[in-house]
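Chains as they are written, first to last, in my numbering: chain A, 1 to 115; chain B, 1001 to 1114. All C-beta atoms in this analysis are idealised placements derived from N, C-alpha and C, irrespective of residue type, glycine included.
Following this line, the structure appears as structure tokens:
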């Protein structure tokens, strides 16, 4: 069973640029959630995708957008990067459904630095 | 507002001593509770969870946590810590009706020394 993978591991961008982060969900999982973890803080929920549709969004501006593909992998896109976007971006996958809440399993994260 | 409070940002402890990491959440009718551990420069690993049933849950490496609905708490305990337990520990809650969104506390740094 393959766990959650993310790419790239590290990324350096400048203010105003755009970035795309990628996540492959764990085998059998249909839901991907994205979180932002600033240095010294707990992760903050960005949004969740369930079967290719956005299924909840946290308090992040529209320049944070996402996609989920038919194989349940996902992308997080951030436009017009700001210095405060520097953080560890975590992806988590789970198997959501009628049975209710399932455990979210996290990938290793992508460390984004905005200069 | 839905929130999770970890009262201690850092907990220093000697090896083989007991430890308790505290977690309180804002009151709600129904919640699901988790503890995750994060080692330096890594993602989050699930330590243990409470979804339903017995209020005392255990992990494979000796940690346990007890769901206390009246006190809205989910404290993490271990009777004897090891150097390898040094890490950041995050308490997280899913409030029902929130699209399985995890709300995290700010984390507790457990530092185990000889």
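Name the chain A residues whose beta carbon is nearer than 8 Å to that of residue 1098(B)?
Working through the second chain from its first residue, we reach residue 1098(B) at position 98. Simply 56.
Counting only the same chain and skipping the five closest in sequence on each side, list residues whose C-beta sits under 7 Å from that of residue 63(A).
Locating residue 63(A) in the first chain gives position 63, counting from the first residue. Once the five neighbours on either side are set aside, the close Cβ partners of residue 63(A) are 78, 79 and 80.
Could you tell me whether the Cβ atoms of residue 107(A) and residue 90(A) are closer together than 8 Å?
As a working mapping, residue 107(A) is identified with position 107 in the first chain. As a working mapping, residue 90(A) is identified with position 90 in the first chain. Their beta carbons are under 8 Å apart, which means residue 107(A) touches residue 90(A) by this criterion.
Taking Cβ to Cβ, would you say residue 1011(B) is nearer than 8 Å to residue 1023(B)?
As a first step, residue 1011(B) is located in the second chain; it is residue number 11 there, counting from the start. As a first step, residue 1023(B) is located in the second chain; it is residue number 23 there, counting from the start. No.
Quick check on DSSP: helix, strand or coil for residue 83(A)?
The count along the first chain starts at 1 and reaches residue 83(A) at position 83. It is helical.
Who are the neighbours of residue 1033(B) on chain A, taking C-beta pairs under 8 Å?
In the second chain, the residue the question calls residue 1033(B) occupies position 33. The premise fails here: residue 1033(B) is roughly 11 Å from chain A at the closest Cβ pair, so nothing lies under 8 Å.
Since residue 1022(B) is in the beta strand (DSSP E), which residue starts that stretch and which ends it?
Taking the second chain and counting its residues from 1, the one referred to as residue 1022(B) is at position 22. It is not in any beta strand (DSSP E) - residue 1022(B) carries neither H nor E in the DSSP assignment.
Is the CB-CB distance between residue 1102(B) and residue 45(A) below 8 Å?
For the purposes of this step, residue 1102(B) is taken as the residue at position 102 of the second chain. For the purposes of this step, residue 45(A) is taken as the residue at position 45 of the first chain. Cβ atoms of residue 1102(B) and residue 45(A): closer than 8 Å.
Once DSSP output is grouped into helix, strand and coil, what is the label at residue 93(A)?
Within the first chain, the letter at position 93 stands for residue 93(A). In the structure shown, residue 93(A) sits in a strand (DSSP, three-state: E or B).
Pick from 1008(B), 1001(B), 1006(B) and 1014(B): whose alpha carbon is nearest that of residue 1112(B)?
For this step, residue 1112(B) is matched to residue 112 along the second chain. Minimum Cα distance to residue 1112(B) is reached at 1014(B).
For a test of the three-state rule: what should DSSP assign to residue 1084(B), helix, strand or coil?
As a first step, residue 1084(B) must be located in the second chain, where it is residue number 84. Here residue 1084(B) sits in helix by DSSP.
Report the residues of the segment 81 to 112 of chain A with a CB closer than 9 Å to any CB of chain B, ordered along the chain.
Correct list: 88, 90, 91, 92, 94, 96, 100, 101, 102, 103, 104, 105, 106, 107, 108, 109 and 111.
So, for residue 1067(B): in the same chain, excluding its five sequence neighbours on each side, which residues have a beta-carbon less than 7 Å away from its beta-carbon?
The residue labelled residue 1067(B) in the question sits at position 67 within the second chain. Cβ within range, chain order: 1033, 1050, 1055 and 1074.
Does DSSP put residue 1069(B) in a helix, a strand or coil?
If you number the second chain from 1, residue 1069(B) lands on position 69. Residue state, collapsed to three classes: coil.
Kindly indicate which three-state DSSP category residue 12(A) falls into: helix, strand or coil?
On the first chain, position 12 is the one that residue 12(A) refers to. Reduced to three states, the DSSP call for residue 12(A) is strand.
As a quick exercise: from 1090(B), 1100(B) and 1107(B), pick the residue whose alpha carbon is nearest that of residue 55(A).
Here the question's residue 55(A) lines up with position 55 in the first chain. Nearest of 1090(B), 1100(B) and 1107(B) to residue 55(A), Cα basis: 1100(B).
Going residue by residue through the segment 13 to 58 of chain A, where are the continuous beta strand (DSSP E) segments of at least 3 residues, counting only ones entirely within it?
DSSP runs (the beta strand (DSSP E)) wholly in the segment 13 to 58 of chain A: 19 to 24, 31 to 37, 44 to 50 and 53 to 57.
Quick check on DSSP: helix, strand or coil for residue 1104(B)?
Position 104 of the second chain, counted from the start, is the residue given in the question as residue 1104(B). In the structure shown, residue 1104(B) sits in a strand (DSSP, three-state: E or B).
Taking only beta-carbon positions, decide if residue 42(A) is within less than 8 Å of chain B.
Translated into positions along the first chain, residue 42(A) becomes position 42. Judged by the 8 Å Cβ criterion, residue 42(A) is in contact with chain B.
Kindly indicate which three-state DSSP category residue 65(A) falls into: helix, strand or coil?
Locating residue 65(A) in the first chain gives position 65, where the first residue counts as 1. If DSSP states are grouped into helix, strand and coil, residue 65(A) belongs with the strands.
Going by beta-carbon coordinates alone, are residue 1031(B) and residue 1081(B) separated by less than 8 Å?
For the purposes of this step, residue 1031(B) is taken as residue 31 along the second chain, with counting starting at 1. For the purposes of this step, residue 1081(B) is taken as residue 81 along the second chain, with counting starting at 1. No, the pair does not count as a contact, with Cβ atoms beyond the cut-off.
I'd like to know if the segment 36 to 44 of chain A and the segment 20 to 27 of chain A are in contact, where contact means that at least 3 CB-CB pairs between them fall below 8 Å.
Contact fails: fewer than three Cβ-Cβ distances are below 8 Å.
Can you find the residues in the same chain that come closer than 6 Å, C-beta to C-beta, to residue 1037(B), ignoring five residues on each side of it along the sequence?
Along the second chain, one-based indexing puts residue 1037(B) at 37. Hits under 6 Å: 1045, 1047, 1087 and 1089.
Which residues in chain B have a C-beta closer than 8 Å to the C-beta of residue 45(A)? List them in chain order.
Within the first chain, numbered from 1, the residue matching residue 45(A) stands at position 45. Those within 8 Å of residue 45(A) in chain B are 1101, 1102 and 1103.
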